[in-house]
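Let me begin by presenting the structure, written as structure tokens, before commenting on it.
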Amino acid sequence: MTVRRLLPVIGAIMALVVGLTSCSINRLAVNVLADTLAGTDGDGVSTFTTDADPELVGDALPFALKLFESILEQTPRHEGLLLATGSGFISYANAFVATPASMLPFYEWDRKESMQRRAKALYLRGREYVIRGLDVRYSGFRDALFATDAAAVKPYLARMRARDVAYLYWIGAGWVAAFGLDPFDLELAFSVPRALPLMLRAVELDDEFNDGALHDFLLQYYASVPPTMGGDRAKAKYHYDRLIRIADGRLAGPYISYAETFAIPSQDVDLFIELMERALAVDADAYPDARLVNVLSQRKAAWYLANIEEFFLLDWPEEEDDAF
């Protein structure tokens, strides 16, 4: 964090600690701190995303998220902090709860199930914060999003602009991720298709958002859900190709996403190995803004290769007995 950004944080914290009697001054101090925590100048999460130590980030994030929540109690309509809090919960759930759970061995099923339940709750918690953020900006958005008539949200989406893309992305990401962990949750099953129009509107507004994150989402969505929910493998392939062009070799994640959605279902082990090797070949330090996500993605790629027999029916050559 730069000195320019550190000074208002110090000032705001001092004001909060002293507990000034003036409500207006207290409110100003809280808002200054909220602005800084939310990263309103665009680099609010760079300290986390550029770090190469996932354990350090994973240990720090829960404290940061609880701090965000405590500030939101004082300024509950702060759009930027609602987005930062929601996206933080969703990111933490994915990187440090759901993904580690997916890599647990089969004999730790109880622990895996417990972690998945926790991740689902965190995903939905994060989604709700981001929905609140858009509802502040567009009054009535939340009611329209969950209205009986799914088309009720269309007028709101039509009004949205590029500045709203991050909100749309994180709502959809948290929604679908929660469903992916518990597809037998009927409430989620019936509501999750409502995430797709949000993502499609976001793509219209900013095709290259967050290094192609929208295309990564749509790749996995179209490849994973049944046709009755909008699944379409041709569309999934289109979004993978677009994602690869946008990422331009800087990200390991796209190769893993394609392996999970195409190589494993088709049992194409050669493609799977090729994609994992391409993921591992990405230089995590060459693109500092995505250093953390690349380190995490490469750990997953290495795990996939080490556990390849869990995903493919492999016909290993039999070893010949030693001659006596």
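So in our numbering, spot 162 of the sequence shown is number 164, and the numbers just go up one at a time. C-beta atoms are modelled at their ideal positions from N, C-alpha and C, and glycine is treated no differently. All values derive from a computational prediction rather than experimental measurement.
Original post:
CA-CA distance, G88 and P78?
Top reply: As a first step, residue 88 is located in the sequence shown; it is residue number 86 there, counting from the start. As a first step, residue 78 is located in the sequence shown; it is residue number 76 there, counting from the start. The alpha-carbon atoms of G88 and P78 are separated by roughly 13 Å.
Original post:
In three-state DSSP terms, what is L124?
Top reply: Here the question's residue 124 lines up with position 122 in the sequence shown. Looking at L124 - three-state DSSP - the assignment turns out to be helix.
Original post:
Would the beta-carbon of I248 fall within 9 Å of that of E210?
Top reply: As a first step, residue 248 is located in the sequence shown; it is residue number 246 there, counting from the start. As a first step, residue 210 is located in the sequence shown; it is residue number 208 there, counting from the start. Yes, the Cβ-Cβ distance between I248 and E210 is below 9 Å.
Original post:
With a Cβ-Cβ cutoff of 9 Å, do A146 and Y158 count as a contact?
Top reply: Position 144 of the sequence shown, counting from 1, holds the residue named residue 146. Position 156 of the sequence shown, counting from 1, holds the residue named residue 158. Taking 9 Å as the Cβ cut-off, A146 and Y158 qualify as a contacting pair.
Original post:
Nearest CA to the CA of V343: which residue from P195, V295, R301?
Top reply: With the chain covering 3 to 326 only, the question about residue 343 has no answer from this structure.
**OP:** For A308, count neighbouring C-beta atoms within 10 Å of its own C-beta (all shown protein chains included) and say buried if the count is 16 or more, exposed if not.
**Re:** In the sequence shown, counting from the first residue as 1, residue 308 sits at position 306. Exposed.
Original post:
Ordered along the chain, which non-local residues of its own chain (more than five positions away) have a Cβ less than 7 Å from that of A137?
Top reply: Residue 137 sits at position 135 when you count from the first residue of the sequence shown. Per the sequence presented here, residue 137 reads as Asp, with Ala not at that position. Once the five neighbours on either side are set aside, the close Cβ partners of D137 are F143, R144.
Subject >> CB-CB length for L198 against Y171, believed under 8 Å >> reply: By one-based count along the sequence shown, residue 198 stands at place 196. By one-based count along the sequence shown, residue 171 stands at place 169. About 12 Å separates the Cβ atoms of L198 and Y171, ruling out a contact at the 8 Å cut-off.
Original post:
Mapping DSSP to helix, strand and coil, what is T77?
Top reply: Here residue 77 refers to the residue found at position 75 of the sequence shown. If DSSP states are grouped into helix, strand and coil, T77 belongs with coil.
Subject >> Uninterrupted beta strand (DSSP E) stretches inside the stretch 66-118 (no shorter than 3 residues) >> reply: Complete beta strand (DSSP E) runs here, min 3: none at all.
Original post:
Going by other Cβ atoms of all chains shown within 10 Å of its Cβ, with 16 needed for buried, is L315 buried or exposed?
Top reply: Reading the sequence shown from its first residue, position 313 is the one you call residue 315. With fewer than 16 Cβ atoms within 10 Å of its Cβ, L315 is classed as exposed.
**OP:** Would you tell me roughly how many angstroms separate the C-alpha atoms of S226 and G182, rounded to the nearest one?
**Re:** Translated into the one-based positions of the sequence shown, residue 226 becomes position 224. Translated into the one-based positions of the sequence shown, residue 182 becomes position 180. Their backbone Cα atoms lie some 9 Å apart in a straight line.
**OP:** Take W305 as the anchor and find which of A160, E57, A281, D61 has the nearest alpha-carbon.
**Re:** Here residue 305 corresponds to residue number 303 of the sequence shown, with the count starting at 1. Among A160, E57, A281, D61, the Cα nearest to that of W305 is on A281.
Original post:
In three-state terms, what does DSSP make of F314?
Top reply: Locating residue 314 in the sequence shown gives position 312, counting from the first residue. Looking at F314 - three-state DSSP - the assignment turns out to be coil, as it is neither helix nor strand.
Original post:
Which word fits F274, buried or exposed, when buried means at least 16 other C-beta atoms lie within 10 angstroms of its C-beta?
Top reply: Taking the sequence shown and counting its residues from 1, one reaches residue 274 at position 272. The Cβ neighbour count for F274, taken over all protein chains shown within 10 Å, is at least 16; the residue is labelled buried.
Subject >> Distance, G128 Cα to E74 Cα >> reply: Numbered from 1 along the sequence shown, position 72 holds the residue referred to as residue 74. Numbered from 1 along the sequence shown, position 126 holds the residue referred to as residue 128. It is Leu, not Glu, that sits at residue 74 in the sequence shown. So the two alpha carbons sit approximately 13 Å from each other.
**OP:** Following the continuous alpha helix (DSSP H) through Q269, name the residue where it begins and the one where it ends.
**Re:** Locating residue 269 in the sequence shown gives position 267, counting from the first residue. No alpha helix (DSSP H) contains Q269, which DSSP labels as neither H nor E.
Original post:
If A191 and P185 are in contact, beta carbons under 8 Å, what's the gap, nearest whole angstrom?
Top reply: The residue labelled residue 191 in the question sits at position 189 within the sequence shown. The residue labelled residue 185 in the question sits at position 183 within the sequence shown. With a Cβ gap of about 7 Å, A191 and P185 count as contacting.
Original post:
Can the beta-carbon of L253 be found closer than 9 Å to that of D213?
Top reply: In the sequence shown, the residue the question calls residue 253 occupies position 251. In the sequence shown, the residue the question calls residue 213 occupies position 211. Contact: yes.
Original post:
For the ligand FMN, is there a heavy atom less than 8 Å away from the beta-carbon of F91?
Top reply: The ligand content of the structure shown is nil, which means the ligand FMN is not present either.
**OP:** Specify, as a first and last residue, the run of the alpha helix (DSSP H) that V178 falls within.
**Re:** Numbered from its first residue, the sequence shown carries residue 178 at position 176. Segment 167-183, the alpha helix (DSSP H) holding V178.
Original post:
Counting pairs of Cβ atoms below 8 Å between the stretch 94-102 and the stretch 116-130, do you hit three or more?
Top reply: Yes, the stretch 94-102 touches the stretch 116-130.
Original post:
Taking the Cβ atom as the reference point for each residue, do A238 and L220 lie within a distance shorter than 9 Å?
Top reply: Stepping through the sequence shown from its first residue, residue 238 is reached at position 236. Stepping through the sequence shown from its first residue, residue 220 is reached at position 218. Contact: yes.
Subject >> Cut-off 7 Å between Cβ atoms - residues of its own chain near A215, not counting five sequence neighbours on either side >> reply: Counting from one through the sequence shown, the residue named residue 215 turns up at place 213. Answer for A215: Y171, listed in chain order.
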